[in-house]
Amino acid sequence: MDFNALTKLSYGMYVVGTKDNERFCGCIANSLIQITAEPATVALSINHNNYTNECIKNTKKFSICVLGEKTNPIIIGTFGFRSARDVNKFDNTEYKVINDLPICQDSCAYLLCDLINTVETATHTIFIAQVTQCETIKNDIPMTYAYYHNVIKGKSPKNAPTYIAN
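Residue 180 is where the sequence shown ends in our numbering, and the numbering goes up by one at each step.
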């Protein structure tokens, strides 16, 4: 089977934010889809090993920040290749708080989501959530996963749903 065919699917790049008992935490996600328009509902896939997964299950809410082509790649490194168990990812990130959720300012838009349901797969949880608020932050072209790989020359961590071992 040619798993590279899966890289031809269209993906975006997102910072997912939530909260543990004491602080904000988050991770990079690339598997997000809109399910319905009314009510606005999305599905988000997060690896079981990600601390953010555990925190979303506890808080039942999360933010999604849509990264743009002009987003500083350091954001992806900070949120995609380090664990919130070990480091506060928001320490060196410009963000604001809306409804007790972190919003990364270096993004195109944000969505605030309330958890409706979860679906467990072998490696990931699919979070189904209603969008309770959303807003455009700045005019930028949303970053696709292809742009991240082909232009920025970014890599995928093992927890990514699209990770392919070389």
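Idealized CB from N, CA, C, for every residue including glycine.
- In this structure the segment 114-129 touches the segment 20-36; the number of beta carbon pairs closer than 8 Å is three or more.
- Taking residue 98 as the centre and dropping the five residues before and after it, the same chain places the C-beta of 39 and 65 closer than 6 Å to its C-beta, in chain order.
- Assigned with DSSP and collapsed to three states, residue 38 falls in strand.
- Residue pairing by DSSP places residue 112 opposite 115 in a beta bridge.
- Counted as a single uninterrupted DSSP element, the beta strand (DSSP E) harbouring residue 31 occupies residues 28-33.
- Counting other Cβ atoms within 10 Å of its Cβ, residue 19 stays below 16 and is therefore classed as exposed.
- Sequence-distant Cβ neighbours of residue 49 in its own chain, meaning closer than 8 Å and more than five residues away, are 55, 56, 57 and 142.
- Scanning the segment 48-121 from its first residue to its last, the whole alpha helix (DSSP H) runs of 4-plus residues come out as 65-73 and 87-94.
- Between residue 26 and residue 158, the gap from beta carbon to beta carbon is short of 8 Å.
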